[in-house]
Amino acid sequence: MKNTFKLLLTLLIVSLISIIIYLKFIKNNSIEIPKITLNGKNIITLYQGQTYQEPGYKATDEKDGNITKKVKITGQVNTNKIGTYELIYTVTNSKKESAKAHRFIKVIKNKTINYKPEYDNIDNKTRGWWANNKFDGKRPSGGADINELKKYDAFYMGPDEKVLYLTFDEGALETYVKEIVDVLNKNNVKATFFLCQKFMETNPELIKQMANTGHTIANHTSHHLNMPTLATKENFNKYLEEIKNVEQTYYKITGKEIEKIYRDPRGEWSYRDLQIIKDLGYKTYFYSAYYMDFGENLSKEEALNELTKRVHNGAIYLIHPKNKGNYLAMDTFIKNMKKQGYTFDLVKNIK
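Written out as structure tokens, the structure is:
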């Protein structure tokens, strides 16, 4: 009986040792195929004539480590011709093992519009946007009838609910945008940033961070010009350039199309301007709460007071990030509003 037990125990030990040796053999001789990870989307849609910007990729291998430099791309994209194009990414490790990834580029008909004769029949008088800022919590009137604006997919205030919309207009490179974004993220609040081309080009990593954390990057034109003066047949190409250049810049930075959210620079607008930007697929967002915060000497206390006394249901705030007082007041303002039962949202969600 004892001999039988010893035999079984010996067989069990031998079996376990054999399994361990086999597993080690498998691990040491397993096929270590490299891996390619594509940045951005595997299917990208471009308009005809739009420039393709490679979003990037990364290749890794268990033994070779980062082998991104060994990636070869085959295939071509002709954005001047409508169609679907395939790019094939191939990489080979030191053991001659290969991996592939595929990206498809869909080129569709360009939505760029031509100047329409009917535009001449739409009022192109330059108007300055205003809102009847009230300090009693009531919803103000604005520079145009709220229902009339909806015909142009334009808004200046959200629904009559306890929701606030923070928007920031950038017209200069020296701003506190990064610091404000940090405050917003800390408070789990999303905001809309109307940015010009130069700011995007100068701050690509910040732009990617903002987009990745859920903030809206919106179109504020390329050079911050008076857009109604360009909303004419003679200047129409320049009008389109002011919009398209921002779109191209955002795409080059992120590999994604910019959201079709727009605000005219300096609050200067016209009904013709609103119609053209609508035809380009955009929605325009003015504002119902603002104050003279262009100067750089506004203190935290002054900014907080100005922001607080203009609170009303559905308020769209215009805030300039150039002012340090606005940045310093933002954390307290957000916390105070939440205590009063307000929530924060993005203007793109206003219907």
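In the working numbering, each residue's number is its place in the sequence shown (first place is 1) plus 97.
For glycine and all other residues, C-beta sits at the position ideal for the given N, C-alpha and C.
Remember, predicted model here, so these are calculated numbers, not experimental data.
With a beta-carbon spacing of about 7 Å, Y262 and Y414 fall inside the 8 Å limit used to define contacts. The three-state reading of DSSP puts I114 in helix, counting H, G and I together. Within the model, the alpha-carbon separation for G146 versus F333 is close to 18 Å.
The stretch 385-404 and the stretch 335-352 do not touch, with fewer than 3 CB-CB distances between them shorter than 8 Å.
Taking C-beta separations shorter than 7 Å and ignoring five residues to either side along the sequence, the partners of K357 in its chain run G378, Y379, K380, following chain order. For H199, the beta-bridge partners assigned by DSSP are I185. Its Cα nearest to that of A288, the residue I277 stands out among E151, I277, F383, G422. If you ignore the 5 residues before and after E183, its C-beta comes within less than 7 Å of the C-beta of G172, H199, F201, all in its own chain and listed in chain order. The beta carbon of Q306 lies closer than 8 Å to those of V278 in the same chain, with the five residues before and after it left out. Beta-bridge pairing by DSSP links K295 to no other residue. Under the rule that a run must span 3 or more residues, the beta strand (DSSP E) segments found entirely inside the stretch 213-298 read 260-266, 289-292. DSSP, reduced to helix, strand and coil, places L377 outside both helices and strands of the structure shown, so it counts as coil. Judged by their CB atoms, V260 and D442 are nearer to each other than the 8 Å cut-off. Here A269 is exposed. Its C-beta has fewer than 16 other C-beta atoms within 10 Å. Around the Cβ of D233, a 10 Å sphere holds fewer than 16 other Cβ atoms; the residue is exposed. N423 is classed as buried because its beta carbon has at least 16 other beta carbons within 10 Å across all chains shown. Here DSSP, grouped into helix, strand and coil, assigns K160 to coil. Listed as beta-bridge partners of I314 by DSSP are F290. The beta carbons of E258 and F291 sit about 23 Å from each other, so the pair does not count as a contact at 8 Å.
In this structure, V204 sits near I179, with a CB-CB distance shorter than 8 Å.
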